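A.B. asks: Shown below is the structure under consideration.
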Amino acid sequence: IRAARELGIATVAVYSTADKEALHTLLADEAICIGPGKATESYLNINAILSAAVLTEAEAIHPGFGFLSENSKFATMCDEVGIK
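FYI, UniProt numbering numbers position 74 of the sequence shown as 74, with every residue one higher than the one before it.
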């Protein structure tokens, strides 16, 4: 997020209800709640993540590590909605 800010790129963080006050949500320009604390209902919820991206007109998603970072279905769905 800091690097994006230095490059003039606006950032949007997604978070679960358990992570509302997490550092990434505080540093981002905007933060969107994508579900409850349980990862399978938030960070692994492809539809919630893509909805947040479309809602905020995101151009790209950084999937982080683990969760959806190596999920080909997630990558395909991002392509289908025009997100890198």
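For each residue, glycine too, the CB sits at the ideal point set by N, CA and C.
Bear in mind that the values here come from a model prediction, so they are computed numbers and not experimental data.
Would you call residue 49 buried or exposed, if buried means 16 or more other Cβ atoms sit within 10 Å of its Cβ?
C.D. replies: The residue is buried, with at least 16 neighbouring Cβ atoms inside 10 Å.
A.B. asks: What is the rounded straight-line gap between the Cα of residue 41 and the Cα of residue 57?
C.D. replies: If you take the alpha carbons of residue 41 and residue 57, they lie about 22 Å apart.
A.B. asks: Is the distance from the Cβ of residue 1 to the Cβ of residue 18 below 9 Å?
C.D. replies: Not closer than 9 Å, so no.
A.B. asks: Where DSSP assigns a beta bridge to residue 31, which residues make up the other side?
C.D. replies: Partner(s): 13.
A.B. asks: Leaving out five residues before and five after residue 68 in sequence, what residues of the same chain have Cβ atoms less than 8 Å from its Cβ?
C.D. replies: 43, 44, 46, 49 and 74.
A.B. asks: For residue 27, collect the residues of the same chain with a Cβ closer than 6 Å to its Cβ; drop the 5 residues on either side in sequence, then sort them by chain order.
C.D. replies: Contacts found: 1.
A.B. asks: Considering only the alpha carbon of each residue, which of 55, 83 and 35 lies closest to residue 62?
C.D. replies: Per the Cα distances, 83.
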